[in-house]
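Student:
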Amino acid sequence: MAEKKLLKNGVVIIHDTDDTARGVRADLLIDGDKITQIKPDIGSSAGVTVIDCTDKVIAPGFIDTHRHMYNIALRGRHGDDLLPDYLVKAKVAISATVASGLRSIYGYCFNGRVDSWSPFSLNPSFIAPFALDALKRLASSAPFGNGRITLGVAFDGWFLPKDMIVSLFQNIKTLGIRHVTTHNSSSPPGRPTSIETMHSCGVLTPDSTVILAHANNLAPNDIKLVKENGAYLSSTPSVELQMGMGTPICFDPARDVQANSSLGVDCHNVVLTSIVSEMRCALAHSRSMYNDKFRAAGKMAAQINHTVQEAYALGTIQGARAVGLENEIGSLAVGKKADIIVFDALAPSMICGAQHDPITAIVMHSTPGDIVMTFVDGILRKDAGKLLPMQITSEDAEVVGVKDTMISWSDVTRNLLKTQESVQARLKKLDLEAAKKDACTALGMDTSIITSKL
Ligand SMILES: [Zn+2]
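For the sequence shown, UniProt numbering assigns the number 1 to the initial residue and increments by one for each residue that follows.
#1: Taking the alpha helix (DSSP H) that F375 belongs to, which residues open and close that run?
#2: What are the start and end residues of each continuous alpha helix (DSSP H) run of 4 or more residues lying completely inside the segment 236 to 268, in chain order?
#3: With 16 as the cutoff for other CB atoms within 10 Å, does S410 come out buried or exposed?
#4: Could you please give the first and the last residue of the uninterrupted beta strand (DSSP E) stretch that includes S104?
#5: Tell me the start and end of each unbroken beta strand (DSSP E) in the segment 11 to 47 that is at least 3 residues and wholly inside, in chain order.
#6: Run the Cβ filter for me: residues under 6 Å from any heavy atom of ligand 1, listed in the order they occur in the chain.
#7: Taking the alpha carbon of P129 as the point to measure from, which residue in R113, S141, A139, L138 has its own alpha carbon closest?
#8: Could you tell me whether the segment 350 to 363 touches the segment 311 to 325, where touching means 3 or more Cβ pairs closer than 8 Å?
#9: Throw me the rounded Cβ distance for the G190 and M390 pair, which I believe falls under 8 Å.
#10: Look at S238 and C250 and say whether their C-beta atoms are less than 9 Å apart.
#11: Quick check: is any heavy atom of ligand 2 less than 8 Å from the C-beta of A139?
#12: Relative to the C-alpha of R22, which residue among V12, D377, D31 is closest?
#13: What did DSSP end up calling K453 once you bin it into helix, strand or coil?
#14: Taking the C-alpha atoms as reference points, what is the distance between N229 and T193?
#15: Which value, in whole angstroms, describes the spacing of the CA atoms of I329 and I105?
#16: Which value, in whole angstroms, describes the spacing of the CA atoms of D19 and G61?
#17: State yes or no: is the C-beta of L135 within less than 9 Å of the C-beta of I165?
#18: Which same chain residues end up closer than 7 Å to P368 when comparing Cβ atoms and leaving out the 5 residues on each side of it in sequence?
#19: For the putative contact between V226 and I195, defined by C-beta atoms under 8 Å, what is the C-beta separation to the nearest angstrom?
#20: Put A93 into one of helix, strand or coil per three-state DSSP.
#21: Just mark G378 as buried or exposed, buried being the case when its beta carbon has 16 or more other beta carbons within 10 Å.
#22: Contact check, I127 vs L332 under 8 Å by CB: the rounded distance?
#23: Tell me where the beta strand (DSSP E) around P60 begins and ends.
#24: Taking a contact to mean a Cβ-Cβ separation below 9 Å, would you say N216 touches T197 in this structure?
Here you go:
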């Protein structure tokens with residue numbers, strides 16, 4: 001397909017400066033990896049591929065700020081799991097993101113490793129001796145996928161000695177890595193919180209790009225540090241609500257950190273992989289909590305709690321700010337990357353809503369199946385609702401681990417099912433109940449508080 005693509009006659013969703021989104025009837029021109037024009041009646045010329053977007057809604061790619069990309073082979077196992085059940089099953093699969101065609105920041109993970117599956121035991125040394133060298137090797141060849149995939153770090157070991165953390169992150173900084181993500185959890189009374197430790201170790205600074213996932217237990221000083229240092233929080237409402245991880249922070253009235261919030265899917269082996277689904281879940285939960293307060297007092301709320309627009313901003317422009325890429329992604333604007341999704345406005349779940357208010361139609365009515373086209377870096381990755389084969393460049397072949405230059409979704413499915421088979425075989429040999437306790441203890445959870453009755 002030609003380098004220039006003209007998306008003709010669609011409804012383009014743009015953000016105003018106050019983050020309000022609205023649909024405008026316009027054409028959108030992609031030149032290479034960038035959006036170069038958004039306006040009505042853009043003329044076509046030789047070398048421009050015209051894509052008819054009549055009855056389509058054109059939106060920016062959503063931003064997911066917290067996803068465990070490796071765990072697809074574990075789908076179907078966690079629908080009724082709480083966090084301790086989940087922890088023991090999640091450490092068994094890994095795969096690269098490079099061949100996906102997505103834009104992503106790959107968080108190289110320094111966390112604990114399984115030494116033995118049966119009996120289950122974790123390695124007592126939290127940071128593997130080879131981990132930093134492996135990261136250095138990766139950093140020497142990053143970014144990957146023509147710049148789509150950059151390196152970050154995922155780290156949860158804030159309980160480790162301070163000098164060890166400081167030295168590790170000094171090394172990470174020299175590698176040019178700026179993104180750090182962590183699962184936020186509360187600390188025992190009298191001990192610094194993980195956010196205080198990150199700050200005192202020089203990891204959380206105004207220059208850093210830090211994303212705290214599941215930060216539902218922030219103490220007042222944590223909130224102050226988050227705001228002062230411009231850190232962002234990743235709320236993953238579906239998983240957090242299922243697994244007893246507290247009230248999703250993004251709309252928590254007690255914490256007031258919505259301006260520093262974004263959305264993530266977290267574990268796509270537990271819930272649907274959809275940022276729209278997280279927008280809806282965050283809204284429904286916060287509205288339920290709010291309405292219940294009025295009901296408990298024998299009253300009715302006079303206005304709705306939080307809006308569709310606020311939820312849409314969390315999954316788009318605020319997500320881009322969370323990863324420090326708000327000048328490149330998170331909204332449709334001239335000069336930004338052409339990361340675009342196209343909804344079918346006539347699809348059964350979208351029709352009438354999309355014509356009246358496309359933002360509400362997306363947030364409240366859409367399903368992933370209504371997305372008919374997806375562009376990443378201006379490259380068409382999904383067309384007519386189907387994923388297209390992915391071209392692997394010779395530079396990426398080493399990272400991806402395949403010699404073929406083209407990977408189709410059917411190739412991926414065959415490998416995924418093979419992976420799933422081997423994972424299931426290993427899980428069958430595991431004493432899950434015994435391993436659950438060990439996994440929780442290794443991650444600092446107090447298993448004595450787990451109870452069936454209050
Ligand atoms: Zn997570």
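Ideal Cβ positions, reconstructed from N, Cα and C, are used throughout, including at glycine.
Tutor: Working from what's here:
#1: That residue, F375, is in no alpha helix (DSSP H); its beta strand (DSSP E) goes 371 to 376.
#2: 237 to 242
#3: exposed
#4: Segment 104 to 109, the beta strand (DSSP E) holding S104.
#5: 21 to 31, 34 to 39
#6: H66, H68, H183, A213, D266
#7: R113
#8: yes
#9: Their Cβ separation, rounded to whole angstroms, is 51 Å, which puts G190 and M390 out of contact at 8 Å.
#10: no
#11: Only ligand 1 can be found as ligands here, which leaves ligand 2 out of the picture.
#12: V12
#13: Correct three-state label for K453: coil.
#14: 16 Å
#15: 13 Å
#16: 16 Å
#17: It is not a contact, given that the beta carbons lie outside the stated cut-off.
#18: Around P368: S274.
#19: Taking C-beta atoms under 8 Å as the contact rule, V226 and I195 qualify, at a distance of about 7 Å.
#20: Residue placement at A93 cannot be trusted, given a pLDDT of 27 that sits under 50; what the coordinates show is reported in the next sentence. In this structure, A93 counts as coil in the three-state DSSP scheme.
#21: buried
#22: 41 Å between Cβ atoms; not a contact.
#23: 56 to 60
#24: no
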